[in-house]
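Notes to accompany the following structure.
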Amino acid sequence: MSRTYETTVRLAATPARALEIMTSEAFHVARDTVQGAIDVRVVPLERDDARLRYEVHTTRYARGLTGENRSQTESSVTTYEWDLAACTAVWTFAGEHGPRVTVDGTVAIVPDGEGAVVRDTFRVDVKVPLVGGQAERLVISEMKKGFEKYVRVLEEQVAQG
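Counting in the working numbering, the sequence shown runs from 118 upward without gaps.
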């Protein structure tokens with residue numbers, strides 16, 4: 118059984134500007150760094166007038182049920198595929214836990230008066246008998262904690278013009 122978490126952020130930016138920010142290397146580096154990453158690299162895969170695909174490679178200190186373990190690191194790759202005309206994306210996360218843990222989601226940027234609304238959906242599915250549901254709740258809880266930092270980075274990027 119998977120768990121889903123949805124967020125909405127209102128921005129003082131047009132959808133085109135919000136898309137420009139959210140597909141920039143600077144945004145991904147700032148967002149992941151403020152959330153504890155020790156290394157972030159954006160790797161372009163494909164771009165044309167309609168579509169943009171790229172990966173965000175992140176290294177952070179290992180996390181366990183007792184918190185952060187600075188003696189070990191974990192690497193992950195998040196792959197984004199944007200429909201540029203629709204201002205929507207799908208993304209998938211691949212981390213240290215392999216196929217036992219699926220984390221993916223969507224992003225939609227829609228007009229809102231003179232600004233834009235960013236709607237994010239996160240889905241977590243942990244395929245471990247007995248503890249999967251508890252692990253899903255823990256992952257969603259961590260995502261919720263990181264949401265304020267995500268919003269702050271978005272707003273700072275908008276303010277930079």
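Every residue gets a Cβ at the ideal spot worked out from N, C-alpha and C, and that includes glycine.
- Annotated as proximal: V173 and H145, with beta-carbon spacing under 7 Å.
- DSSP places D149 within a helical segment (H, G or I) once states are collapsed to three.
- If you look at R134, you'll find it in the alpha helix (DSSP H) that goes 132-139.
- The way I'd put it, the region 123-134 does touch the region 230-244; three or more beta-carbon pairs between them come closer than 8 Å.
- In the DSSP assignment, R127 is bridged to V234.
- A buried status is given to T195, since no fewer than 16 other beta-carbon atoms sit within 10 Å of its beta-carbon.
- In the DSSP assignment, P161 is bridged to Y171.
- Assignment of A276 by DSSP, reduced to helix, strand and coil, places it in the helix class.
- The alpha-carbon of T183 is positioned some 43 Å away from that of A202.
- Counting only runs of at least 3 residues, the region 171-207 fully encloses the following beta strand (DSSP E) elements, listed from N- to C-terminal order: 184-200.
- Annotation for G215: no beta strand (DSSP E) segment contains it, and DSSP assigns it neither H nor E.
- Just measuring C-alpha positions, the residue of V220, V159, V275 sitting nearest L255 is V220.
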